[in-house]
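I have placed the structure first, in the form of structure tokens, so that the comments after it can refer back to it.
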Amino acid sequence: MFMPTRTTTVPCSRLSPTRDDLVEALVAAIACARERIDLRRHEGAHPRIGAADVVPVVPDAAGRHGAGESGPRSRWPSAVGGELDLPVFVYGELAPGRGPAFFRAEGLEGLRRRVESGELAPEFGPARIEERSGAVLVGARRPLIAFNVNLRGELESAREIASAIRERDGGFRACAPSVSSCPRAGFVQVSMNVEDWEAAALHDLVAAIEREAAARGAEVVGSELVGLMPGGAAAAAAGAALRIDGFDASRVLELRLLEPDVADLE
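For my numbering, add 32 to where a residue sits in the sequence shown, where the first one is 1.
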């Protein structure tokens, strides 16, 4: 599955950039996406509404946003709207109840219709959606885990499994999986953006998917982590797999050496 953008995590505590450095880097990255990606010729299965699409701002261990203490309402979203002439919408902590899916639901054309009708208006930038570059979604949120589970089975079975674990259908909190087919690889995929790994632990998700798959004659053949995950999520999964009571990030040697307070590693 091709995605228009890739998430890059910069360990700020190691590089110690200034706020201006971060603002300049964010604006430059979005400008690069606008220059190189033409949505009129872009192909991919993943929902998107812009060349840069989504730019999340994630707090560091001390709870500070990487783009400055004021987070996404600092000057850099305004710079994206003004300097790059792109419409900027906010989501997550800044717009409770609105995630990327709220804006992506009807695709780029649907977003354009909603703006033209007056249903939606960008927080920054022009109130128009260009075909080539689209819009930018800016949000503040906890670290998100992009996690996919691969199944050998029918696409319809995968849809039923996704429904069984979806929050709105009575499944895991903050879980909104999607389903896609990967015919060349020979499997179907349940894709998840896990926004709260404590409420929807990866090992619990996999176990639930395995149960639902077995009931439908399907089989879990593997999983995929896109990008990075918090140390606490990895430790929780390892503790569950090894059946270690009370296992958490404080018991991981490297994490203990790296940080004085491993509770912050979540």
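C-beta atoms are modelled at their ideal positions from N, C-alpha and C, and glycine is treated no differently. These numbers come from a predicted model, not from an experiment.
According to DSSP, which residues form a beta bridge with residue i?
| i | result |
| --- | --- |
| Gly254 | Asn182 |
| Met224 | Phe179 |
| Ser213 | Val220 |
| Glu162 | Gly166 |
| Val17 | Outside the displayed span of the chain (33 to 298) sits residue 17, for which this structure offers no information. |
| Phe156 | Val120 |
| Gly82 | Gly166 |
| Ala239 | DSSP, once it has assigned bridges, lists no residue as partnering Ala239. |
Determine, using beta carbons only, whether residue i and residue j come nearer to each other than 8 Å.
| i | j | result |
| --- | --- | --- |
| Ala269 | Leu234 | yes |
| Gly71 | Glu163 | It is Leu, not Gly, that sits at residue 71 in the sequence shown. Cβ atoms of Leu71 and Glu163: closer than 8 Å. |
| Val168 | Trp108 | no |
| Val181 | Pro154 | no |
| Gly203 | Arg173 | no |
| Leu140 | Ile81 | yes |
| Val21 | Ala178 | With the chain covering 33 to 298 only, the question about residue 21 has no answer from this structure. |
| Glu227 | Leu176 | yes |
| Leu187 | Val211 | yes |
| Ala57 | Ile69 | no |
| Ser213 | Arg66 | no |
Using only the alpha-carbon positions, how far apart do residue i and residue j sit?
| i | j | result |
| --- | --- | --- |
| Gly98 | Val89 | Caution is warranted here: a pLDDT of 47 is assigned to Gly98, below 50, making its placement in the model unreliable, and no coordinate value can be reported. |
| Ile276 | Arg283 | 11 Å |
| Ala247 | Arg145 | 41 Å |
| Val238 | Leu260 | 18 Å |
| Arg288 | Asn225 | 27 Å |
| Ile161 | Leu285 | 49 Å |
| Ser102 | Ala217 | Only weak support is given to the placement of Ser102: the predicted model assigns it a pLDDT of 42, under 50, and the value that follows is read from those uncertain coordinates. Taking the straight line from one Cα to the other gives about 44 Å. |
| Phe279 | Leu126 | 34 Å |
| Asp236 | Gly271 | 12 Å |
| Arg136 | Ala111 | 23 Å |
| Gly142 | Ala232 | 30 Å |
| Pro215 | Trp229 | 29 Å |
| Leu152 | Gly129 | 14 Å |
The beta strand (DSSP E) that contains residue i, what's its start and end?
| i | result |
| --- | --- |
| Gly171 | Val168 to Ala172 |
| Pro88 | Asp85 to Val89 |
Apart from the five residues just before and just after residue i, which ones in its own chain have a Cβ nearer than 7 Å to its Cβ?
| i | result |
| --- | --- |
| Glu115 | Val59 |
| Asp201 | Ser195 |
Spatial neighbours of residue i within its chain, please: CB distance less than 6 Å, with the 5 preceding and 5 following residues excluded, ordered by chain position.
| i | result |
| --- | --- |
| Ser255 | Val181 |
| Ala295 | Interpretation of Ala295 is limited by its pLDDT of 47, a score under 50 that renders its predicted location unreliable; the figure taken from the coordinates is listed afterwards. Result list for Ala295: empty, nothing under 6 Å. |
| Gly157 | Gly113, Leu118, Pro119 and Val120 |
| Glu244 | Ile193 and Ala196 |
| Gly131 | Tyr123 |
Suppose the cutoff is 8 Å on Cβ atoms and the five residues either side in sequence are ignored; what does the same chain contact list for residue i look like?
| i | result |
| --- | --- |
| Leu183 | Ser189, Ala190, Ile193, Phe219, Val220, Gln221, Val222, Ile241, Ala245, Ala250, Glu251, Val252 and Val253 |
| Ala208 | Gly131, Ala133, Arg198, Glu199, Arg200, Met224 and Asn225 |
What are the boundary residues of the alpha helix (DSSP H) that residue i is part of?
| i | result |
| --- | --- |
| Gly263 | Gly263 to Leu274 |
| Gly139 | Gly139 to Glu148 |
| Leu290 | Leu285 to Leu290 |
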